[in-house]
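Take the sequence shown: its position 654, counting from 1, is numbered 654 in the working numbering, and each next residue is one higher. Note that the Cβ used here is the ideal one computed from N, Cα and C, for glycine as well. Structure first, then comments.
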Amino acid sequence: MSTRLNVIALAGNPNSGKTTLFNLLTGSNNKVGNFPGVTVDRVSGTTELPECGKVKIIDLPGAYSLFPNSADERITTEVLIDPHHPDHPDMVIYVADANHLDRQLLAFTQILDLGFPTILVLSLMDEFENAGNLLDLDYLRKQLGVEVVAISSRKRRNIDLLKQTVCKELRGPVKPPRKINELHRDALKMLGDLGQIEEQPNLYMRWLWAHHHDWLQLQSSISEQRWKEVLEKNQFEPLKEQVEETFARLNTLEELVRDAVKKDSKSQTLSEKVDSILTHWLWGPIIFSILMLFVFQAIFAWATYPMDMIETGFGALGHWLRDVLPPSILTDLLTDGILAGLSGVMVFIPQIAILFLLISILEEIGYMARAAYLFDRFLRRFGMNGRSVVALISGGACAIPAIMSTRTIVNWKERLITILVTPFISCSARIPVYTVLIAFVVPYKPVWGVFNSQGLAFALLYVLGIGAALFSGWVFKKVLRARMQSFFVMELPTYRSPDWRSVWRNIRTKVGAFITEAGKIILLISIILWFLASFGPPKKIEAARMEALQDAQASGMTDQERDNLLAAKTLEASFAGILGRSIEPVIRPLGYDWKIGIALISAFAAREVFVGSMATIYSIGSEEDEFRIREHLAKQVDPVTGKPIFNYATALSLLIFFVFAMQCMSTLAVVKKETQSWKWPAVQFIGMTGIAYVAALLAYQLA
C-alpha cells in the first residue's frame, strides 16, 4: 500500500521567481498535466528533503490575491480553499520578489489566514542586495509569525536551508490559528444558517466559500437558490467586503515593509532611466522593431551551418540504407516515406532552437513585460489590451500555449479577440515552409552589410501576419461591440542578467516537445502518404506502367529517364494521385498542382508537415538530392507545360497562403476548449482559409 506524499504548494505573484525555484527544487523530477476539469497547466514534481524523505511540490499559477480575476487565479484559489481538491496542500511556500515586497504580500497574508503551515521565501536577493538595499529578516519573522528564508535561485543560495526549514515546519507542532478579522465573523452565522456545509474549523476559509459560492464547486448539496437566500438574509455584500479587506491588509503591509526594507534611492533611478527609453512612446516601438528584426535575421543567418550538417547527415543515412538493405517495400517505406518525411522537418530544428533562445533571453532580462506595457494603449484600438501582447509574441513560437496564456485577460471579449487573431502570428511551425519557399522568391544577397535579402523577406512575412492579426482584431471589435475594457495590471520585474540554466531548460523543453509532438504526426503522415503514393487500384497502376514503358521505348529514353517517367505515371494513378486530382480544379488558380494539394491537406495536421509531405511525394522515383529539400524541389517540372513547378509565382502564392491560413487542427482544438464552443473555431477556420485563398490567388495572378 502506497503512502500519500506530503503536498507542498508553491504560491506567489506572477514573475516572482516561483517557477525558477520549482525547477531548482524538483530538477528533472517534474511533469506537466492539467488541473482536473480544466486546461490550465498543472506542473508538479518531487524532491527529497533531509530527514523528511520525498515530498510532492505543486507549482500553482501566479495569483495577486484570493479574489481571482482570471482562470489561472481561480485555480490557485480553488486548490487552497477546497479541502477536497486533489492538490489541496499540507503546506505552502510563498515566493515573493524582494525587490517589490510591498506589492507581493497581499496573497501571502490571505494564505496565512487559511491556517496552512507557511514559509515566506524572498527571491532575487542577489539583485536586491546588489542595488544597495537592506532587509531585516528577523523583524519580518517576528511581525508575520512565520519562517522567512532569503534565497537566490540564480546562485543557488540558501536552497538547502529552505529544504531544512520545510522539513522542520512539516514535522513541527500545529500552530494556533491567527487572529481573524472581525469582518469574517459573518461567515460563521451564515454557514450556520446553511447547516453543516463542511467540517472546516477555519473561519477565513469558510468566509471565502461564501464569497466564491457562485463558481466554487464544493462537495455539498446546497443549491444556488439556498445560497442566495442566506446571503440576502445576512446582508452579505461580497464586493464591498472584498474592497474593505484588501485595503485593510494593504495598509498594514505598507507599514510593515517600510520598517523592514531600507532601499537605496539611487538603485531605482537607473531602472527608471532605462525604462524612460524602452517604454517611450516613440523610441520604445522602434527599439522593439529592431530587436524583432534581429531575431528574424538571426534565425536565418546563424542556422545555416547546422542545417547543412543535418541535411548532409540524412542524405548519407538514406543512401547508406539503400546500399545495405535489399530492394523491397520496407526499404522504400523507410527511405522514401519515413526518412524523407522526417528529414524535411528535423533540418529546421536549429532555427526553432534559435527562436526560443532569443525569446527566452528577452523574457529573462525582463523586457517582455515592458513590451506588454508599451503596446497596451495601441492594442486597445484593436479590441485587445497589454496582456494580449504576451499571447501575440508567444504565438511566434506556437499558437497553442499562446492561446492558453490568454486566461490572464479578465475581459471576455478582449480575451476572445486575442484567441481568434493569435494564429495569424507566424509560429515556429511555419519556419520550415518559409525557409524552403523564400529561396524561390528572393535571391540571396547582402543588405547594408549586416542583413541579407532572405532574412528581411522572412521578417516581412511576420509583418504581414501581424497586420492581419491587428486588422482582424479591429473587425472583431466592431462586430462583437467590445466597448467594455479591462484594466491592465502587470508587475514590471527588475532588469536582470539571464539565468542561463532557465534559458537552456526552456529551449530543451520547447524544442523537445516540438520534436516529439511533431515527430509523431510526421511519422504517421509520412507512412500514410508513402502508402497512398505507392499503391492504387491495380488496373490503373498496371495501365499507367504499360503507358510509361511504351512512351519510354518510343522516345528512346535512358534507363534513368524511363524510371522517373514510370514513377511519375505510377504516382499519378495511385490513391494519392486520385485524391490530388480531385482537388486540383480548386487549387489550380493558385498555381498549385495536385501534388502540392496533397501536401496542403496533410499540413492541416500540423503546418510543419507540409515540407515533409513535399519531400515524401516528390521524392518518389528520384534519389538525387532527395534529402536536400530545396534543391530537390527546384528540379521538379510540370509535365504539361515543361516549366518548373516551384517558380516565382507559385512559391509566392504558397508563402502568402501559409501566412494567413489556419493549417493546424491542434490549434482549433485548443480554441474549442478555451471558448467552450465549436462556433469560434469554425469562424476562425473559415475566415482564415478564405483570406488565405483570396490573397494567394491575387499573389499568383499578379505575379
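Please classify residue i: is it buried, with 16 or more other beta-carbons within 10 angstroms of its beta-carbon, or exposed?
i    : result
K240 : exposed
I409 : buried
T39  : With a pLDDT of 43 at T39, under the threshold of 50, the modelled position of this residue cannot be trusted; read the value that follows with caution. Exposed: under 16 other Cβ atoms inside 10 Å.
D323 : exposed
P443 : exposed
F247 : exposed
K138 : Note on residue identity: the sequence assigns Asp, not Lys, to residue 138. By the neighbour-count rule (16 or more Cβ atoms within 10 Å), D138 is not buried but exposed.
M309 : exposed
E48  : exposed
S546 : For clarity, residue 546 is Met in the given sequence; the question names Ser instead. Looking at its Cβ environment, which holds fewer than 16 other Cβ atoms inside 10 Å, M546 is exposed.
N34  : With a pLDDT of only 43 at N34, under 50, the local geometry of the prediction cannot be trusted, and no value is derived from it.
G27  : exposed
A459 : buried
M1   : Residue confidence is low: M1 scores 41 on pLDDT, short of 50, so the model does not pin down where it sits. Its coordinate-derived value is still stated next. Classification for M1: exposed.
A353 : buried
Q454 : buried
N130 : exposed
T304 : exposed
G704 : Any property of residue 704 remains undetermined from this structure, which presents the chain solely from 1 to 703.
R377 : exposed
In three-state DSSP terms, what is residue i?
i    : result
N34  : Its pLDDT being 43, under 50, N34 is placed unreliably in this model, and the coordinates cannot settle the point.
S44  : strand
L66  : coil
N251 : helix
D745 : Residue coverage of the chain in this structure runs from 1 to 703, which leaves residue 745 outside it and unanswerable.
K263 : coil
R156 : coil
I691 : helix
P585 : helix
N452 : strand
D336 : helix
D59  : strand
P432 : helix
K273 : helix
L282 : coil
V389 : helix
P446 : strand
L137 : helix
G53  : strand
V243 : helix
V637 : strand
P705 : This structure leaves residue 705 out entirely; the chain is present only between 1 and 703.
Q663 : coil
Y592 : coil
Q351 : helix
When the Cα of residue i is compared with those of the options, which residue comes out closest?
i    : options                : result
R387 : L374, S666, K478       : L374
I515 : L668, A210, I349       : I349
L216 : D82, R481, K54         : D82
L711 : R171, I75, A9          : With the chain running from 1 to 703 in the structure shown, residue 711 is simply not present.
F440 : K635, C427, E169       : K635
E51  : H319, K168, G690       : K168
G395 : Y367, A429, K413, A369 : A429
V670 : T422, L134, T165       : T422
M292 : Q225, R545, K539, L392 : L392
V463 : I329, A548, R258, I290 : I290
M665 : E311, F685, W207       : F685
K142 : T77, A260, L161        : A260
S65  : K510, I57, G12, T20    : G12
L253 : T109, L379, T304       : T109
L140 : A457, L101, G115       : L101
K705 : L362, I403, C427, K413 : No answer is possible for residue 705: it lies beyond the span of the chain, which begins at 1 and ends at 703.
P86  : V149, L5, H212         : L5
N251 : R103, L24, K263        : R103
D364 : T331, S426, I507, K413 : The question names Asp, but residue 364 is Glu in the sequence shown. Comparing Cα-Cα distances from E364 to each of T331, S426, I507, K413, the minimum goes to I507.
R501 : S16, P14, N15, N23     : N23
Who pairs with residue i in a beta bridge, going by DSSP?
i    : result
V148 : L120
A11  : Y94
K643 : According to DSSP, which records beta bridges pairwise, K643 is partnered with nothing at all.
Output yes if chain D places a C-beta closer than 8 angstroms to the C-beta of residue i; else output no.
i    : result
V243 : No chain D appears in the structure shown, which is made up of a single protein chain.
Between the region 571 to 579 and the region 533 to 543, are three or more C-beta pairs nearer than 8 angstroms? Yes: the two stretches touch, three or more of their Cβ pairs being nearer than 8 angstroms.
Would you call the region 83 to 96 and the region 243 to 263 in contact, with 3 or more CB pairs under 8 angstroms? No, because fewer than three Cβ pairs between the region 83 to 96 and the region 243 to 263 fall closer than 8 angstroms, the two stretches do not touch.
Given 8 angstroms, three or more beta-carbon pairs between the region 654 to 663 and the region 688 to 698: At 8 angstroms Cβ cutoff, the stretches touch.
May I ask you to verify whether the region 431 to 440 touches the region 591 to 611, counting CB pairs closer than 8 angstroms and requiring at least 3? Yes, the region 431 to 440 touches the region 591 to 611.
Decide yes or no for the touch test of the region 578 to 588 against the region 555 to 570: beta carbon pairs closer than 8 angstroms, at least 3 of them. No: fewer than three Cβ pairs fall under 8 angstroms.
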